[in-house]
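Data first, discussion second: the structure below is written as structure tokens.
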Amino acid sequence: MSSPGVLRRWRPFLTGHLPVLPFVVFALFPFYHMVVTSLKSDAELYNPLKVPLWIEEGPTLAHYGLLAQETLFPRWYLNTLAVSGLTTALSVAIGLLAAYALARLRFRGVIAFGVAIFITYLVPPTLLFLPLAIVVNQLGLSDSLWSLVVTYPTFLVPFNSWLLMGYLRTIPKELEECAMIDGCNRVQALLRIILPVAMPGIICALLFSFTFSWGEFLYSLVFISSAERRTLAVGVVSDLIRGDVFYWGSLMAGAVLASLPIVVVYVLFMDYYVKGLTAGSVKG
Amino acid sequence: MVRATMKNQRREGRGLSRRRFIATAAAGTAGLAGILASGRAPVLAQTRELKLLTWSHFVPASDRELKRQAEEWGQQARTKVTIDTAPHLQLPAKKAAEATAQAGHDIILLYSGDPDLYLDHLVDVSDVAQEIGGKLGGWYNAEDFLFRGTWKALPWYLITWPIAYRTDVLEKVGEKAPDSWEDLYRVGKKAKAIGHPIGIAISHCDDANFQLRCLMWGYGASYVAKDGKAVTLNSPQTAETIEFMKRFFKDAQDPEVLSWDDSHNNRCLEGGKCFAIVNPSSAYESAKDKKIKIPGTERLIHEVIDHTLPPRGPVRRATTGQYNLLGIWKFSKNVDAAKEFLRFHYAEAQQDRFIAESRGYNMPFLQKMSNHPIWGTNPKYAFAKEIMRYTHPPGWPGPMTDASQLVMDLYIIPDMFAFAVTGRMSTKDAIAWAEKEIAEVHAGRKRRKT
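These protein sequence lines are chains A and B, in that order. Quick note: the first sequence uses our numbering, first residue -2, plus one each step. Quick note: the second sequence uses our numbering, first residue 10, plus one each step.
Shown next, in the form of structure tokens:
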């Protein structure tokens, strides 16, 4: 084969895959390290003479066994799934309505409302958890998963509203105006015309909300006390970090299993996600 | 058969007179209305509930024993007792939220300065403290636990910081177990030369806070006077301590100690790198549990780890540790039940098991319990019989206060040493900086980091 032929054959790899490779390695390295650490025996894990990047003495499932048998890991998994699913659905629904109102309706103070929502998003949870503790207690939701369903939207709704507001502004008004001329009212126009067009933005908001809820730590730590009601982030840390003793293998096993749903969700909706993120970035 | 049963039911139905039916119905309705109006279940159906929040103990068996005791007492007292745990560094957030919301647990684990910080939120437990102290030989340094003259918490147990060192490395360098800071420096210098540095953290962690106080006190320095108010940091003794640490850091340590958290020194000893650390016995116990070997050999590393008393300085041997106390929130609806449970838990038989299950890690503040046989079963715990004599609260010679806790939480002492040993500040400037920070804490101008 002639050298131009070889070059032509390898060009996609050299110009496409090769430049991306360092970024892929950089992105996947933490996950790889988590998996390798979770499969190593303690004896190997603590031996500084062993190479930390692969398993020399054979893999073990002991750390996964400890998670399954000596902690309430499956229960925490279900709790996190329930809380994340519910808060994501709620906050995206509320955020969409708020974003639509701010992006489409004309009323006095609409800009100020938009800015206020953005500022709300900037208030850190470390400031909010004390007043929220009073609210949660007065609602009678202490030590209940509902306390998280109520409090997570405090940071998810502002974020979703802001994200979707930007996205909805890229959708031509004429689309819904046509629908309304054809007899739709505003809610029907929103549901039948805007919603399908805004799907990439909505999925992007869903993904972000799910990821934030999935990994949230502070509210879950403060508002939940019972072991059986914990979420993953707090459960794993509570049972596997004991004083100055860290159960590294089991912590990594927990991290691997906890990251799987996020990986699956992102893989499934990657295209929508990218579209949703970039839609508002150029002037339409 | 079915027909016969129906017949019996009809006969029984006929037995209920109209008057009796009305009386029964009226009583039932009144009772139900009463229950609904009061919002409480009838007395027979009520179950008392008691909740206790503590840290996730490094020895899981200690938590299990506490839960067992809770169940046993719960059955006796017809009370549902729940023991919740949280990581030790996250407990302050939970306590703050509970005090703010005035809801949560009934009994709570407190650190040394917490009773002062939450003074108005805690029940006076003087009656329980005196009763328990009377039965078990009295409390060690009872005056340390009087918060503004009152028992606002019961001393639970102390976690101590002895020296944990490798006997095999000691043999290699031809030395004896270090007794003083100068010994530790001399042996550490030799050990570092053969690849086994000492691991004294100079960073934002509890280990650094405790170890560096031990060093300062040993040289006669302190940061606060006995009144807990006057700042005494700026002294020739503090300067001498820092100059010592500069040598120690350069010749016997690795720079990584500047970035350590509480787990790093454990890993350094367990992994076979460090010759010695100043730490609770968790490193030894964890190495034993995990069956970690000395790198490159088949020998288990815990076999060559031993403990000795924390190092003494030219002036004295004095150390500190984690003071764990138990308090009862004032908002608790079960203060009496909480006190009953504490009386049960502090009974000799229960304390005996609690200490044994913790493998001797829980050092009681009760004189009688300090002779527990657990410390005689393993020669590696020989230090335990004496260490209580040398241990003082972290704000010593001052009392345990909110300010002393805040000086710990802001890591002012470790920062002072870090600035000096890295050359970022001169010894004089580092002391002046720390003195200003501590003065601001005591003046109430410095707030907690979130």
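Beta carbons are placed, not taken as given, at the ideal position from N, Cα and C, and that holds for glycine. Owing to the predicted nature of the structure, the values given are computational and were not obtained by experimental measurement.
For lysine 302(B), DSSP records a beta bridge to Leu309(B). Chain-order list of chain B residues neighbouring phenylalanine 243(A): Ser272, by C-beta distance under 7 Å. If you check the CB distance, serine 367(B) and serine 71(B) come in under 8 Å.
One finds Ser235 in chain A with Cβ atoms closer than 7 Å to the Cβ of threonine 94(B), taken in chain order. Annotated three-state conformation of isoleucine 52(A) is coil, per DSSP. Rounded to whole angstroms, proline 164(B) and isoleucine 117(B) show a C-alpha spacing of 12 Å. Counting the other CB atoms within 10 Å of its CB gives leucine 15(A) a total below 16, which places it among the exposed residues.
Between methionine 417(B) and tryptophan 442(B), the CB-CB gap reaches or exceeds 8 Å. Taken through DSSP and simplified to helix, strand or coil, glutamine 111(B) comes out as coil.
In the three-state scheme derived from DSSP, where H, G and I count as helix and E and B as strand, alanine 210(B) is classed as coil.
The beta carbons of glutamine 360(B) and tyrosine 149(B) sit no closer together than 8 Å.
Residues of chain A whose Cβ lies closer than 7 Å to the Cβ of asparagine 275(B) are, in chain order, Asp241 and Val242.
Taking 8 Å as the threshold, the shortest C-beta distance from proline 45(A) to chain B falls below it. Against chain B, the CB of serine 141(A) has no partner CB under 8 Å away; the residue lies outside that interface. Annotation: isoleucine 337(B) has no Cβ neighbours in chain A at a cutoff of 8 Å; minimum Cβ distance is about 16 Å. Here phenylalanine 243(A) is bridged, per DSSP, to Ile238(A). Against chain A, a Cβ distance below 9 Å from threonine 91(B) picks out Ser222 and Ser223.
Per the coordinates, the alpha-carbon of valine 253(A) lies some 10 Å from the alpha-carbon of proline 27(A).
By the neighbour-count criterion, in which 16 or more other beta carbons inside 10 Å mark a residue as buried, glycine 281(B) falls on the buried side.
Taking 8 Å as the cut-off, the Cβ atoms of valine 313(B) and threonine 176(B) count as close.
Contact between the stretch 71 to 82 of chain A and the stretch 328 to 339 of chain B is absent, with fewer than three C-beta pairs closer than 8 Å. Annotation: the continuous beta strand (DSSP E) that includes alanine 173(B) extends over 172 to 175. In the structure shown, asparagine 157(A) falls within a helical segment according to DSSP collapsed to helix, strand and coil. Leucine 42(A) places its beta carbon 8 Å or farther from that of glycine 305(B). The continuous beta strand (DSSP E) containing tryptophan 165(B) extends over residues 163 to 168. The beta carbons of serine 212(B) and proline 423(B) sit closer together than 8 Å. Sequence-distant Cβ neighbours of asparagine 275(B) in its own chain, meaning closer than 7 Å and more than five residues away, are Asn288, Ser291, Ala292 and Ser295. Under the DSSP assignment, lysine 255(B) falls in the alpha helix (DSSP H) whose first and last residues are 245 to 261. In terms of Cβ geometry, alanine 95(A) and serine 158(A) form a close pair [threshold 8 Å]. At a cut-off of 8 Å between C-beta atoms, isoleucine 301(B) counts as an interface residue with respect to chain A. Taking 9 Å as the cut-off between beta carbons, the residues of the stretch 124 to 150 of chain A near chain B are Leu124, Phe126, Leu127, Pro128, Leu129, Ala130, Ile131, Val132, Val133, Asn134, Gln135, Ser139 and Asp140, in sequence order.
Across the set Ser413(B), Gly404(B), Tyr390(B) and Ala86(B), the C-alpha of Ala86(B) shows the shortest separation from the C-alpha of arginine 352(B). At a cut-off of 8 Å between beta carbons, serine 290(B) makes no contact with chain A. Of the residues assessed, phenylalanine 156(A) falls on the buried side of the cut-off, its CB having 16 or more other CB atoms within 10 angstroms. Relative to alanine 162(B), the option among Ile168(B), Lys342(B) and Ala151(B) whose CA is nearest is Ala151(B).
For glutamine 331(B), the pairing in a beta bridge is given by DSSP as Ile168(B).
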